[in-house]
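**Student:** Heads up: the sequence shown begins at 475 in our numbering, then just goes up one per residue. Each residue gets a CB set at the ideal place from its N, CA and C atoms; glycine is no exception. Model, not experiment: these values are computed from the prediction. Structure in structure tokens, see below.
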Amino acid sequence: MRVSIIGSGYVGTTIAACFAEVGHEVVNIDVDSEIVSAINSGEAPIHEPGLAELIDRHGGDRLTATTEYDAVRDTAITFLALPTPAREDGSIDTSIIEGATETLGETLAAKDGDHVVTTKSTVIPTTTSETLAPILESASGKPVGEEIHVAMNPEFLREGTAVSDFQNPDKIVFGTETDAAKHALAAVFEPLIETTDTAVVNTGIEEAEMIKYANNAFLASKVSLINDIGNICKEYGVDAYEVAEAIGLDDRIGARFLRSGLGWGGSCFPKDVAAIKSAAREKSYEPLMLDAATAVNDRQPQRLLGLLHKHIDVANKRVAVLGLSFKPGTDDIRNSRAIPVIEGLQQRDADIVAFDPVATDNMRDEFPEISYADSPAAAVADASAALVVTEWPAIAELDSEFDTMATPVVIDGRRAIDRRDGIVYEGLTW
Ligand code: UDX
């Protein structure tokens, strides 16, 4: 099948390469000519495990990239994988996806036959039908629902495991209103549906849009709930990880996303929770649970700093911040819990030395004024305290290195380090 994808960001490039891998002819369109030429010469424009191999295999062959929209006319279906950045008030800015939809509509004016336009980006319910569909209609001069069809197919890929998440999905959601759209989506995903036992959810377009937000809001809230419970555990000297393990055995609760600690960051949970809360308020609904999930999440770094200050006044003392990315396996620092931790240490005049295996350069752009160590051992050497922010294996393996600290105070925000003799150890929720 011939498939086009507009946007070569993290989602667009990954799904383009994965669709090529399952046998489709894929055209990836992006405004950035450097990304386009990278893909055509078989190089991955972003770092994601497994992606480089797929682009090396198919780039310039079954997977091509271009800055021109004309190529979409030779395809049956287009996926819109464009950014929907957050505005100040948390709502999403749809101007990029709207602009691309307009150009797509103008291009489709000169196409004969059916074409399905599928929203892949995370958008608030009604965006596809009430914002994008009218743009397509006026730009193409064709009514939506006859030759041009719209659909919504949300994405659940995680950073760091996006390729394997694509290849082994828990579920695939098709939000459609017409049989043509439903059949086109089923055909694109047929190779995956046939070879995996993934659930296929056929639903309406608005439901598909909401499923993505509900998924991320639920998971973020699950982590905040175990953090809330974990904070109570800490006050009573109870180990929240033993509690979580037991409650996770109840299949109504489930074992995943029950790791309490510093909370959630990244590009999706904070942005999506903020956007759906803002959308709720647009309708005069107060999202009390989601507000609480955000409040608990915002408080966790402050609790970590509070534990630190119980043990030591950090003014003019060397403090190691271990881990800077929002989770292990990525160099992404967007909304990383390391940011409020560093800011809190700066307010208390600490002399900060940070370590991360891959995210140092990104954090240096944010905080050029702090020091960065080349290894976790170098970060903790002579430090008066160490804060574990991200559970990278290289950080979890630290042991005798703590003996080189000036005062061995270790405050662990991720349950990465084992409690042992010779260090003053505090877990955030245990
Ligand atoms: C998430 C969703 O999982 C994915 O389906 C969606 O498409 C994009 O957003 P991602 O942001 O890559 O993926 O990271 P994820 O692995 O879900 O972790 C999110 C945050 O929650 C991280 O900061 C992580 O440290 C935190 N987390 C996760 C916990 O604090 N405890 C847990 O038990 C799980």
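By alpha-carbon positions, which one of Asp848, Pro842, Ile844 ends up nearest to Asp830?
**Tutor:** Looking only at Asp848, Pro842, Ile844, the smallest Cα-Cα distance to Asp830 is reached by Asp848.
**Student:** Enumerated in chain order, which unbroken segments of the beta strand (DSSP E) with a length of 3 residues or greater are wholly contained in the segment 650-678?
**Tutor:** 673-677
**Student:** If you measure from each CB to the nearest heavy atom of the ligand UDX and keep those under 5 Å, what residues do you get, in chain order?
**Tutor:** Phe630, Arg632, Glu633, Val697, Phe731, Arg733, Trp738, Gly739, Gly740, Cys742, Phe800, Lys801
**Student:** Would you tell me roughly how many angstroms separate the C-alpha atoms of Ala636 and Lys585, rounded to the nearest one?
**Tutor:** 33 Å
**Student:** Use the C-beta contact count for Phe841: other C-beta atoms within 10 angstroms, 16 or more gives buried, fewer gives exposed.
**Tutor:** buried
**Student:** When DSSP labels each residue in this structure, what does Phe876 get in the three-state scheme?
**Tutor:** helix
**Student:** With C-beta atoms as the reference, is Leu606 less than 8 Å away from Glu572?
**Tutor:** Yes, Cβ-Cβ distance for Leu606 and Glu572 is below 8 Å.
**Student:** In its own chain, which residues sit with a C-beta less than 6 Å from the C-beta of Val647, not counting the 5 before and 5 after it?
**Tutor:** Pro628, Val675, Ala682, Ile685
**Student:** Give every residue of the same chain whose Cβ lies closer than 8 Å to the Cβ of Ala654, excluding the five residues on either side of it in the sequence, and list them in chain order.
**Tutor:** Closer than 8 Å at the Cβ level, and outside the excluded window around Ala654, lie Asp588, Val590, His623.
**Student:** Taking all protein chains shown into account, do 16 or more other C-beta atoms lie within 10 angstroms of the C-beta of Gly740, making it buried, or fewer, making it exposed?
**Tutor:** buried
**Student:** DSSP on Leu631, reduced to helix/strand/coil?
**Tutor:** Here DSSP, grouped into helix, strand and coil, assigns Leu631 to coil.
**Student:** Which partner residues does Ser907 have in the DSSP bridge list?
**Tutor:** Outside the shown range of the chain (475 to 904) lies residue 907, about which nothing can therefore be said.
**Student:** Helix, strand or coil for Asp724, going by three-state DSSP, please let me know.
**Tutor:** In the structure shown, Asp724 sits in coil (DSSP, three-state: anything other than H, G, I, E or B).
**Student:** Nearest to Val827 by CA position, among Asn790, Ile807, Thr592, is which residue?
**Tutor:** Asn790
**Student:** Measure from the alpha carbon of Arg730 to the alpha carbon of each residue in Ile700, Tyr710, Ala688, then state which is nearest.
**Tutor:** Of all alpha-carbon atoms in Ile700, Tyr710, Ala688, the one lying nearest the alpha-carbon of Arg730 is that of Ile700.
**Student:** Which term fits Lys708, buried or exposed, when burial requires 16 or more other beta carbons within 10 angstroms of its beta carbon?
**Tutor:** buried
**Student:** Tell me which same chain residues have a C-beta within less than 7 Å of the C-beta of Gly615, skipping the five on either side of it?
**Tutor:** Ala583
**Student:** Please report the distance separating the alpha-carbon of Asp787 from that of Ala857.
**Tutor:** 13 Å
**Student:** Just how far apart, CA to CA, sit Asn771 and Gly780?
**Tutor:** 15 Å
**Student:** I'd like to check one pair, Ile598 with Ala753: are the Cβ atoms closer than 8 Å?
**Tutor:** Less than 8 Å divides the Cβ of Ala753 from the Cβ of Ile598.
**Student:** Do the CB positions of Thr602 and Thr558 come within less than 8 Å of each other?
**Tutor:** no
**Student:** Give a single yes or no on whether Thr672 has its beta carbon closer than 7 Å to a heavy atom of the ligand FAD.
**Tutor:** Summarising the ligand content, the structure contains the ligand UDX and does not contain the ligand FAD.
**Student:** If you check the beta carbons only, do Val795 and Ile816 fall under 8 Å apart?
**Tutor:** Yes; because the gap between Cβ atoms is below 8 Å, this pair is in contact.
**Student:** Confirm, please, whether the CB-CB distance from Ile529 to Ala491 is below 8 Å.
**Tutor:** Yes. Within cutoff.
**Student:** In terms of residues, what are the limits of the beta strand (DSSP E) holding Gly579?
**Tutor:** Per DSSP, Gly579 belongs to no beta strand (DSSP E); it is in the alpha helix (DSSP H), 569-582.
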